[in-house]
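Throughout the sequence shown, residue numbering follows my numbering, covering 244 to 393 in sequence.
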Amino acid sequence: MAANSIYAPPELAALLALIAFESGEFKYARNHFPGRPGQGTRNMQMPNFNLAYALSLDAVKVEATKIAAGREADALSDAEKDQILDLVVGDELGWGSAAWFYNTQCGDDVHKAVQAGGKTGWESYLGCVGVSSSAERDAYWERATAAFGL
């Protein structure tokens, strides 16, 4: 998270809670349920975000550009979506996807709410991600905040 300038404990707790939930407690880096092509990384990003993430990384930008060939993710074949995912799913890049998403897709209002701590911030972050609060999802956040002493 430090590579993405995320240091505030409430932010770290929120991102780690999302990663733990979405990855099945760090077991999966590819979507298995329902099994969408190209969906994955530790925060289970959709293919359009994986393409944007890959294009933002010097280590894989050239290969991602070749695969996408100027197209948006929704115009890629399932095989091409999986090829893009293959570029960012490994341990070196896959763990950074949640921080990248948070920094590039969530606005300052979300950042301020998360940094302030509390359930309102957590729910703001979930809204940015495009999911809703649930008892199961919130349990991960509660454990993460407890681990950080929040």
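For glycine and all other residues, C-beta sits at the position ideal for the given N, C-alpha and C.
These figures come from a predicted structure and were not determined experimentally.
{"Item": "Coil, strand or helix - Gly-337 by DSSP", "Value": "helix"}
{"Item": "Cβ shell of Asp-321 (< 8 Å), same chain only, five flanking positions each side left out", "Value": "Pro-280, Gly-281"}
{"Item": "Contact between the region 300–310 and the region 324–331 (3+ Cβ pairs under 8 Å)", "Value": "yes"}
{"Item": "Of the listed residues Lys-362, Gly-364, Thr-347, nearest to Ala-295 (C-alpha basis)", "Value": "Thr-347"}
{"Item": "Burial state of Lys-324, where buried means 16 or more other Cβ atoms lie within 10 Å", "Value": "buried"}
{"Item": "Reference Ala-359; option with closest CA among Gly-313, Ala-378, Pro-253, Asn-293", "Value": "Pro-253"}
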